[in-house]
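Numbering follows the numbering used here, with no gaps: position 124 of the sequence shown is 114.
Backbone N, C-alpha and C define an ideal beta-carbon position, used for all residues, glycine too.
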Amino acid sequence: MTLTLKNRLLLTTTVCTLLVAAAFWVTQYISLDHQLDLKSETNIAYTEALWSAVSSTRYDAMETETQGLTRSKDALTALKEGDTAALQEAAVPTFNRVSAGGAVDGLMISDLSGKNLFSTGRQATTGLTQAVAQEQKVRRELVLDSEGRPALALGFPLYYRGKAKGVGVYLVGLEQVADQIAGNARAAASIIGTAGDIRYATHPEQADDIDWAALAQGEAHWATIAAGDADFSTTLIPLRGFDGQIAAYLALERDVTAVTRSVERIGMIQALTVFAVVLLAIFVIYRQISSAFSPLGKAAEAMAAIADGDLSVEVSCNTRNEIAEMLAGMQSMREYLRGIIGSIHRATDDLNQVAVEAGQVAQRSMGGAMQQKEDTD
């Protein structure tokens, strides 16, 4: 099937319009994907910075409280002599005072060989004591306690008259850290185990709706997660322990249901608007092309009539464009042809009249000649 010029133009403009719309959607998708990447990086960086700031504050508070042991003559003497009873008697009041303020919830004291001499509250089996005994300097590490719960641990050497005699370790569970982080971030905070189990959550009913096992894959991650009828902007960062392995994950969850619904509505309105604009553009183009090409139909009729010898068909156009100018020229040509043909018709009529008159003259001349001959005879 052969397409007319009008249909080819309509098809070309329609395809070009659809290509423009498709290019818009592709560009928007790429831009949105880039924005999501930047948002992911921003949320992860914010959560990591918040964790670093809060944990450093807790470590600083724990380190400040080490003076209660490092300056306790009774505790250091008992440590030197290996008297566990005296060590307990001297250390318990210090621990009770420090733990009452919420700075720590566990204390362990060991000798330089790593043998545990005294412990109370939260406890942990870790290589931190040996590392501090060897390095003889304060270390801050994340450890798992005896129940597998993550905790901040501050190891510090204990000296008696300038000589290291043992190691003290203060512990505080991440539950307190999570509460503080949640308050600072104005969001829900959760401590997630390496298997995706919830170790602690400031908002348990919210955390229970999220599949943490799918998120706890060893890397920092951000995503908007649908849980039930709500949407949560969730950031998950790994927390590495003393051995460099991931000990737990810290998660921040913000309820962004209202924002998500608003974005969905805006996206729907945008899609409908683009669709309506594309349809309107195609309709306007169709009307304009149809209006511009309508004189061509009249021109075709006039040409067909002229080809058949009919010069009575008027060539007129109400539009003002190049096609109208062409039709005006065609109208002038038709009038010129009509004038020429009219002149030919008039000349033919005149010739016919002259021929008739000449025939009559010839007939009269012939009659006169015949009469003259008869008279002569």
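Counted within 10 angstroms of its Cβ, other Cβ atoms place residue i as buried (16 or more) or exposed
i      : result
Ala241 : buried
Lys29  : exposed
Asp233 : exposed
Leu132 : buried
Gly332 : exposed
Phe14  : exposed
Arg112 : buried
Asn184 : Note on residue identity: the sequence assigns Thr, not Asn, to residue 184. With 16 or more Cβ atoms within 10 Å of its Cβ, Thr184 is classed as buried.
Met239 : Inspection of the sequence shows that residue 239 is occupied by Tyr rather than by Met. Its Cβ being crowded by 16 or more others within 10 Å, Tyr239 is buried.
Val122 : buried
Tyr190 : buried
Thr115 : exposed
Ser45  : buried
Arg48  : buried
First and last residue of the uninterrupted beta strand (DSSP E) at residue i
i       : result
His211  : 211 to 217
Thr110  : 106 to 111
Leu(-7) : Element bounds for Leu(-7): n/a, residue is neither H nor E.
Gly96   : 96 to 101
Euclidean distance between Cα positions of residue i and residue j
i      : j      : result
Lys105 : Gln124 : 14 Å
Gly257 : Ala12  : 16 Å
Met356 : Arg328 : 41 Å
Gln207 : Asp95  : 30 Å
Gly156 : Asp199 : 46 Å
Glu364 : Ala337 : 40 Å
Ala76  : Pro228 : 41 Å
Leu0   : Ala266 : 18 Å
Ala175 : Gly186 : 22 Å
Gly91  : Ala35  : 31 Å
Asn342 : Gln278 : 54 Å
Ala352 : Ser284 : 59 Å
Val264 : Ser281 : 25 Å
Ile181 : Val268 : 50 Å
Leu134 : Val82  : 23 Å
Gly72  : Leu107 : 8 Å
CB contact flag (residue i, residue j, <7 Å)
i      : j      : result
Ala65  : Ala80  : yes
Thr32  : Ile272 : no
Gly58  : Thr74  : no
Ala384 : Gly158 : In the structure as shown, the chain starts at -9 and stops at 367, and residue 384 therefore has no counterpart that could be examined.
Leu317 : Ala297 : no
Thr225 : Thr56  : no
Glu53  : Leu144 : yes
Ser89  : Met98  : no
Ala197 : Ile188 : yes
Asp201 : Ala220 : no
Ile171 : Leu40  : yes
Residue i CB to nearest heavy atom of the ligand MG below 6 Å
i      : result
Leu102 : In the structure shown, the ligand MG is absent, as is every other ligand, since no ligand is present at all.
Residue i - containing alpha helix (DSSP H), residue span
i     : result
Asp64 : 63 to 71
Gly92 : Element bounds for Gly92: n/a, residue is neither H nor E.
Gly58 : 57 to 60
Check: Enumerated in chain order, which unbroken segments of the beta strand (DSSP E) with a length of 3 residues or greater are wholly contained in the segment 126 to 206?
Finding: Here the runs fully enclosed are 129 to 134, 140 to 150, 153 to 163, 178 to 182, 188 to 191.
Margin query: If we require 3 or more residues per run, which beta strand (DSSP E) segments fall completely within the segment 217 to 274?
Written below: 220 to 230, 236 to 245
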